[in-house]
Amino acid sequence: MDTFNIFLESDELVMHGNPSRGIGSVLRGVVALDLKQPARIKSIRLCFTGQVTRRYAVKEGTREEEKTVINRTWSFLPSKKTQTLRGGCHTYDFELALPNNLPETTRVANEYMVHYRLKAEVEHPTLIFSRNQTCYRTVYISRYRDQQEEDSPPIAIADRWADKLDYSFTIPSRIVHQGERVPVTARVVPTDAMVRVRHVACTLKEFTTYTPHAGFSGRTHRRTIQHVQNSAFHRDASNEATLSVHVPRSHERVQCDSETESVKIRHRLKFAISVESLEDGHLSELRLTVPIQILAAHSEQCLPAYEDSSLPYDPFLMVQLMQQNNYHTTTTPITTATGRGGGGRGGVSSIPSTPGQDSDSAPCWLPSYEECVAR
């Protein structure tokens, strides 16, 4: 069976600085059409779109507004006439510099959404014997604002509660990146012999607020991202434990902190100490809250631009890198050949197969361009 895929250098792009004066990013990738036998093709197109959808209440009910913030189309065949492409994997690379003022990928319930998507389509001259092929890839855009990129010192909270116990919570930094774990060191020492610590818990919560227009009061939506609990705390003679809070890697499971005129996204760690009175069995709970910032993956994990390399650019090597970074598709190895397509750089190449990867697992970062050449 023929396969048709979009391979990206990265589907997670990071803008730097404020939208008015910061640095944009570059979307790079390859469209690959693997034909098992020669086929007649009318066109191969790729479209990148970014759309903002707003919903808000009015007297008549609910109003929805949609706005396209970016729209770019590539056509990879040199003419509008039908062509016969020989069997093999035909690859077409593309590149697009994204302006820094694009809004970040965001979702606030069903009220506000910013979504970026690539759509590739192979059009056949007739639909009688073969149907058009279509594939999609979602692109996520986040932002490192100037104040967010500064180092954050450790946070420590310590106090005594109602002459019953002394407590302290320590986290290494207020800034956390997607995919990381936050080690929370909790120390609770009862000062009353008739008090027992039942458990210590930590919950990561996300708060999203959408304000449609000035003068409107936005509603805040809450969701629990992660919850960890140590129920054997009282059996630890040191009165100390470490709670490991996992920040998901997936953008669908946790969003990055953001603040615009319409949207605010915030995160907090909520601590709870459950205490039992040994005299009458009464249960009480102490709660504390610490705000943290969640950012996109570390910038060190991003590849340098190809034009920054001292080696000449080779689309075939780029295809190999794209396939290694692909999370969701598998392509069968085929025989290497060379060729050119119109409307964009293209050719026929050999792409090794790579198993898919869970979107929330640790990403398989690309080798350097020099390492690929050395192979």
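Sequential numbering of the sequence shown, starting at 1, is according to the UniProt record's numbering. Note that beta-carbon positions come from the ideal geometry of N, C-alpha and C, so glycine has one too. Keep in mind it's a predicted model, so treat the numbers as computed, not measured.
Given residue i as reference, the closest of the options once Cα atoms are compared
i: residue 92; options: 177, 233, 44; result: 44
i: residue 240; options: 48, 6, 166, 55; result: 166
i: residue 77; options: 246, 42, 184, 23; result: 42
i: residue 11; options: 141, 197, 248; result: 141
i: residue 25; options: 51, 187, 14, 217; result: 14
i: residue 275; options: 285, 189, 183; result: 285
i: residue 214; options: 263, 295, 30, 87; result: 263
i: residue 55; options: 95, 8, 113, 279; result: 113
i: residue 211; options: 204, 221, 203; result: 221
i: residue 89; options: 1, 180, 245; result: 1
i: residue 52; options: 8, 270, 115, 256; result: 115
i: residue 50; options: 83, 279, 70; result: 70
i: residue 235; options: 198, 268, 267; result: 198
i: residue 57; options: 68, 36, 35, 216; result: 216
i: residue 108; options: 82, 218, 68, 282; result: 218
i: residue 288; options: 21, 268, 62; result: 268
i: residue 72; options: 81, 95, 80; result: 95
i: residue 103; options: 22, 79, 280, 152; result: 22
i: residue 237; options: 62, 189, 63; result: 189
i: residue 48; options: 8, 33, 79; result: 8
CB-CB length for residue i against residue j, believed under 8 Å
i: residue 272; j: residue 228; result: About 11 Å; that fails the 8 Å criterion.
i: residue 100; j: residue 19; result: 6 Å
i: residue 163; j: residue 208; result: 39 Å between Cβ atoms; not a contact.
i: residue 245; j: residue 290; result: No, residue 245 and residue 290 are not in contact; Cβ-Cβ is about 11 Å, not under 8 Å.
i: residue 381; j: residue 225; result: The question about residue 381 has no answer, for the chain in this structure spans 1 to 375.
i: residue 38; j: residue 84; result: 6 Å
i: residue 46; j: residue 74; result: 4 Å
i: residue 82; j: residue 40; result: 5 Å
Close Cβ partners of residue i (< 8 Å) along its chain, the five nearest in sequence each way excluded
i: residue 132; result: 121, 122, 123, 124
i: residue 154; result: 170, 171, 172, 173
i: residue 144; result: 14, 15, 16, 17, 295, 296, 299
i: residue 247; result: 176, 177, 178, 179, 180, 181, 182, 204, 225, 226, 254, 294
i: residue 371; result: With a pLDDT of 47 at residue 371, under the threshold of 50, the modelled position of this residue cannot be trusted; read the value that follows with caution. Within the same chain, residue 371 has no close Cβ partners at all.
i: residue 261; result: 211
i: residue 344; result: Note that residue 344 scores 48 on pLDDT, short of 50, meaning its location in the model is unreliable and no value can be drawn from it.
i: residue 62; result: 55, 56
Residues near residue i in its chain [Cβ-Cβ closer than 6 Å; skip 5 each side]
i: residue 138; result: 117
i: residue 105; result: 114, 140, 141
i: residue 257; result: 265, 293, 294
i: residue 396; result: Residue 396 falls outside the range modelled here, since the chain spans only 1 to 375, and no answer is possible.
i: residue 185; result: 170, 242
i: residue 283; result: 276
i: residue 65; result: 54
i: residue 59; result: none
i: residue 160; result: 166
i: residue 152; result: 173, 174, 175
Endpoints, the beta strand (DSSP E) within which residue i is located
i: residue 25; result: 25-35
i: residue 22; result: No beta strand (DSSP E) contains residue 22, which DSSP labels as neither H nor E.
i: residue 43; result: 43-58
Sequence-distant residues of the same chain with beta carbon closer than 7 Å to residue i, five excluded per side
i: residue 386; result: The displayed coordinates of the chain run from 1 to 375. Any statement about residue 386 would go beyond what the structure contains.
i: residue 6; result: 29, 31, 118, 120, 135, 137
i: residue 277; result: 194, 195
i: residue 97; result: 24, 26
i: residue 232; result: none
i: residue 87; result: 35, 36, 37, 38
i: residue 310; result: Residue placement at residue 310 is flagged as unreliable, the pLDDT there being 39, under the threshold of 50; a coordinate-derived value is accordingly withheld.
i: residue 279; result: 194
Where are the beta strand (DSSP E) runs, 3 residues long or more, that stay fully inside the region 70-154, in chain order? 83-85, 88-98, 106-108, 112-123, 133-144
Going along the chain, which unbroken runs of the beta strand (DSSP E) with 3 or more residues stay wholly within the UniProt domain "Arrestin C-terminal-like" (161-301)? 165-171, 175-177, 181-190, 195-210, 219-230, 240-246, 263-277, 283-295
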